[in-house]
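Asks: Input: one structure, supplied below.
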Amino acid sequence: MPRPASRRTSTAAVLLALALTAGACSGDDDGDEASDSPSSDATAQPAPEMKVQSRVMTVAGELSKRKRRVVARDVGAVVDRWFDAAYLGGDYPRKHIGDAWPGFTVGARRLAKRERTLTSNALLVDNIDGVEAVRKVVRVDVFSPKRRPAGATARFRLVYDTTGDIARRVDVRGRLLLTRTQGRWRVFGFDMVRSTRPRKGVEAS
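Set out below in structure tokens:
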């Protein structure tokens, strides 16, 4: 029986992403705006509709119930955009993953691109003909000094099935680190693990 394959980012990779975010708070986001423009590969078609389940779990500081709902919605939307661009959306099969990291800072995107077989579906794009989301969950811990949300950790889990030459159930989970600058949430760091296993009732390729 095949053992699930898994990969994890190193602590050094996360620390590098943290270091690279320094520029994001001092003008780096201006250059990031242009790179947020979707490429033809990443956004050809939206993924099958499944709403992300997002809610705030803990708050360091104070945050009203209304603002908690807003943070859960906005952070959940950032994570969900990444889910779709990196793993669920677009046409399959194809040769390239495209821009799979919308909402990431320049530094975090650079790091994620180097780890593309973990942070996106790059390992499978030319061997599958479809993707179906099974579960999308985001749990948010918020840093809120002076009753204003300034930072967040999004603990996420994405489960999806692939069809085609490689029929697998893929489970991606971990943390995204986000900062709020100029009224927008941006991902500046990540730590995650990805596992795959043959789908039940489907012969392994």
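Under mature numbering (1 follows the signal peptide of the UniProt record, and there is no 0), read the sequence shown as residues -24 to -1, 1 to 181, first letter to last.
Glycine residues also receive a C-beta, built at the ideal position from the N, C-alpha and C atoms.
Please read these numbers as outputs of a predicted model, since none were measured by experiment.
Out of Tyr68, Lys41, Asn97 and Val51, point me to the one whose CA is closest to threonine 157's CA.
Replies: Ranking Tyr68, Lys41, Asn97 and Val51 by Cα distance to threonine 157 puts Val51 first.
Asks: With 16 other CB atoms within 10 Å as the buried threshold, where does alanine 61 fall?
Replies: Classification of alanine 61: buried, given that the 10 Å Cβ count is 16 or more.
Asks: Just to check my reading of the structure: lysine 43 and proline 125 have Cβ atoms closer than 8 Å, yes? What is that Cβ distance to the nearest angstrom?
Replies: Indeed they touch by this definition, with Cβ atoms about 7 Å apart.
Asks: When we look at the beta-carbon of threonine 93 and count the other beta-carbons within 10 Å, is it buried (16 or more) or exposed?
Replies: Its Cβ having fewer than 16 others within 10 Å, threonine 93 is exposed.
Asks: Strictly by DSSP, which residues pair up with residue 185?
Replies: Since the first and last residues shown for the chain are -24 and 181, residue 185 lies out of range.
Asks: May I ask you to verify whether the stretch 66 to 76 touches the stretch 144 to 160, counting CB pairs closer than 8 Å and requiring at least 3?
Replies: The stretch 66 to 76 vs the stretch 144 to 160: no contact.
Asks: The beta strand (DSSP E) spanning tryptophan 161 covers which residue range?
Replies: Per DSSP, tryptophan 161 belongs to the beta strand (DSSP E) from 160 to 174.
Asks: Between which two residues does the alpha helix (DSSP H) holding glycine 83 run?
Replies: Segment 82 to 90, the alpha helix (DSSP H) holding glycine 83.
Asks: Please report the straight-line C-alpha distance between arginine 57 and alanine 98, rounded to a whole angstrom.
Replies: About 17 Å.
Asks: DSSP puts threonine 157 in a beta bridge; with which residues?
Replies: Arg160.
Asks: Of the choices Ser171, Val54 and Arg86, whose alpha-carbon is the least far from that of glycine 159?
Replies: Measuring from the Cα of glycine 159, the nearest candidate turns out to be Val54.
Asks: Output needed for threonine 19: all residues of its chain with C-beta closer than 6 Å, excluding positions within five of it in sequence on either side, in chain order.
Replies: Because the pLDDT of threonine 19 is 42, which lies under 50, any placement of that residue in the model is unreliable, and the number read from its coordinates should be weighed accordingly. If we look at threonine 19 and ignore the five residues flanking it on each side, it has no Cβ neighbours.
Asks: Can you tell me the Cα-Cα spacing of phenylalanine 164 and leucine 153, whole angstroms?
Replies: Those two C-alpha atoms are separated by around 6 Å.
Asks: Just list the beta strand (DSSP E) runs in the stretch 20 to 71, keeping only unbroken ones of 3 residues or longer that don't cross its boundaries, in chain order.
Replies: You should have 29 to 37.
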